[in-house]
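Trainee: When we follow this note's numbering, the leftmost residue of the sequence shown carries the number 297, and every step to the right adds one.
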Amino acid sequence: MTTSPKRVLLAKPRGYCAGVDRAVQTVEKALDLYGAPVYVRKEIVHNKHVVTTLQARGAIFVEENEEVPEGSVVIFSAHGVAPEVYAQAKERSLKAIDATCPLVTKVHHEARRFANDDYDILLIGHEGHEEVIGTTGQAPARITLVDGPDSVEQVEVRDPSKVVWLSQTTLSVDETMETVNRLKLKLPLLQAPPSDDICYATQNRQLAVKEIAPECDVVLVVGSQNSSNSQRLREVAVDCGSKAGYLIDFASEIQEEWLTDATTVGLTSGASVPDELVMDVLAFLAERGFTSVTEVNTAEERLTFSLPQELKRDMKAAAARA
Ligand code: SF4
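1) What separation, rounded to the nearest whole angstrom, lies between the Cα atoms of Glu471 and Gly444?
2) Please go through the same chain and pick out, in chain order, the residues whose beta-carbon is closer than 6 Å to the beta-carbon of Phe601, but skip the five residues on each side of it.
3) Where does the unbroken alpha helix (DSSP H) through Thr498 begin, and where does it stop?
4) Under a criterion of Cβ closer than 6 Å to any non-hydrogen atom of the ligand SF4, which residues qualify, in chain order?
5) Any contact of the region 428-439 with the region 402-411, i.e. 3+ C-beta pairs under 8 Å?
6) Span of the alpha helix (DSSP H) holding Ser463?
7) Can you tell me whether Asp328 is buried or exposed? The criterion is at least 16 other CB atoms within 10 Å of its CB, across all chains shown.
8) Under 7 Å Cβ to Cβ from Arg478, same chain only, skipping five residues before and after it: list those, please.
9) Note down, in chain order, each residue of its chain lying with its Cβ closer than 8 Å to the Cβ of Ile476, except the 5 sequence neighbours on either side.
10) Where do the N-terminal and C-terminal ends of the alpha helix (DSSP H) with Glu427 fall, by residue?
11) Use the C-beta contact count for Leu481: other C-beta atoms within 10 angstroms, 16 or more gives buried, fewer gives exposed.
12) Pick helix, strand or coil for Ala374, following the three-state DSSP scheme.
13) Restricting to runs no shorter than 4 residues, where is the alpha helix (DSSP H) found entirely within the region 297-362?
14) Does any residue of chain D bring its CB to less than 8 Å from the CB of Glu360?
15) Is it buried or exposed, Gln384, if we count other Cβ atoms within 10 angstroms and call 16 or more buried?
16) Kindly confirm or deny that the region 573-581 and the region 299-310 touch, where touching means at least three C-beta pairs closer than 8 Å.
17) Tell me which same chain residues have a C-beta within less than 7 Å of the C-beta of Asp321, skipping the five on either side of it?
18) Considering Cα atoms alone, identify which of Val442, Arg337, Ile417, His375 is closest to Ala392.
19) What does Glu572 pair with, by DSSP beta-bridge criteria?
20) Taking the alpha carbon of Asn593 as the reference point, which residue from Asn500, Met473, Glu339 has its own alpha carbon closest?
21) Touch check for the region 498-514 and the region 532-547: three-plus C-beta pairs under 8 Å?
22) At what residue ranges does the region 552-614 contain a whole run of the alpha helix (DSSP H), taking only runs of 4 or more?
23) Taking just the CA atoms, how far does Ala332 sit from Gly537?
24) Round the Cβ separation of Val518 and Val577 to the nearest angstrom and send it over; I've been treating them as touching at under 8 Å.
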């Protein structure tokens, strides 16, 4: 009797995107430059490992500016903030460094521009997510949240000929289009965003998972529970044919019974996950006979973002003094 070889299909692109890389580097460079502690409002990115690693270096994570001692350095997370958060920081004389991903800032600009042109804006996204709170704060009187296709029925607008949809950057592409199609049935003159709001990294990671999922008995997604793009990867994997999908922070969370009848395991990670955590999962799987690893590459990513201006200015000044 022959047994099928156990194998891993490793999705690529996976893990860190340009916005997360920039945000994490912002905290690291700020610690080097100003010394510990440096305060960070909210989790800099939604990943347990990243947050605990930065805490060990001297970052203090807070929920609101009022927890930051007056005059201290505070960094705003990659998910973006509402304008009132900058105002509060100014009132407390905080030195604010904005690590908002430039692709989230782009959506903020769109929201303000359409609000200035007196549009109603339908923001497709998940209620309570930090990015949605930050984007809504750009034009609260004009933005209505649409949390998935089932929320479309309750949507009301002032003028059906002057309405546009925007979205959170980390949604499922397919589910968002389902929501948009339902909105269009109700509002045929609905306008689309000037360019994709769901970012390149979210789209690329979902495409790579779609490629491997039909061949997988189980797909493991490395990512935290509060990471929107990681949750979507697990959903996309199951929707696209994997018999099962699990979201885990660490290899130690894998349950042996998930692998009992599996021959092919798919593996990917969310945009806020360092690749060392994926390598830990590969080692865990290798110990259980999954020694054949094939990387399935569906896109090349070369995008990088420069550090926030305010930090770069201080780094330059420090270098000139040295
Ligand atoms: S997932 Fe997209 S929007 Fe979010 S930080 Fe990464 S590149 Fe920016």
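Where is the CB? At the ideal position from N, CA and C, for every residue including glycine.
Mentor: Inspection of the coordinates gives the following:
1) Taking the sequence shown and counting its residues from 1, the one referred to as residue 471 is at position 175. Taking the sequence shown and counting its residues from 1, the one referred to as residue 444 is at position 148. Approximately 7 Å between the Cα atoms of the pair.
2) As a working note, residue 601 is residue 305 in the sequence shown. The residues are Ala314, Arg318, Pro398.
3) Translated into positions along the sequence shown, residue 498 becomes position 202. Note, Thr498: alpha helix (DSSP H), 496-508.
4) Cys313, Ala314, Gly315, Val316, Ala374, Cys397, Leu399, Val400, Thr465, Thr466, Cys495, Ala497, Thr498, Asn525, Ala567
5) yes
6) Your numbering for residue 463 matches position 167 in the sequence shown. Segment 459-463 is the beta strand (DSSP E) holding Ser463; no alpha helix (DSSP H) there.
7) Counted from its first residue, the sequence shown places residue 328 at position 32. By the 10 Å Cβ count, Asp328 comes out exposed.
8) Within the sequence shown, numbered from 1, the residue matching residue 478 stands at position 182. Hits under 7 Å: Pro445, Val448.
9) Within the sequence shown, residue 476 is the residue found at index 180, counting from 1. For the sequence presented, residue 476 should be read as Val rather than Ile. Answer for Val476: Ile420, Trp461, Leu486, Ala488, listed in chain order.
10) As a first step, residue 427 must be located in the sequence shown, where it is residue number 131. Where Glu427 is concerned, the enclosing alpha helix (DSSP H) stretches over 426-432.
11) The sequence position of residue 481 within the sequence shown is 185, counting from 1. By the 10 Å Cβ count, Leu481 comes out exposed.
12) By 1-based counting over the sequence shown, the position of residue 374 is 78. Coil, per DSSP.
13) 314-330, 344-353
14) The displayed structure is made up of one protein chain only, and chain D is not part of it.
15) Translated into the one-based positions of the sequence shown, residue 384 becomes position 88. Classification of Gln384: buried, given that the 10 Å Cβ count is 16 or more.
16) yes
17) Here residue 321 refers to the residue found at position 25 when the sequence shown is read from its first residue. Looking at the sequence provided, one finds Gln at residue 321 rather than Asp. Leu603.
18) The residue you call residue 392 lines up with position 96 of the sequence shown. Nearest C-alpha to Ala392: Arg337.
19) For the purposes of this step, residue 572 is taken as the residue at position 276 of the sequence shown. Answer is none; Glu572 lacks a bridge partner.
20) Position 297 of the sequence shown holds residue 593. Comparing Cα positions, the closest option is Asn500.
21) yes
22) 552-555, 571-583
23) By one-based count along the sequence shown, residue 537 stands at place 241. By one-based count along the sequence shown, residue 332 stands at place 36. Cα-Cα distance, rounded: 47 Å.
24) Position 222 of the sequence shown, counted from the first residue, corresponds to residue 518. Position 281 of the sequence shown, counted from the first residue, corresponds to residue 577. About 6 Å; that satisfies the 8 Å criterion.
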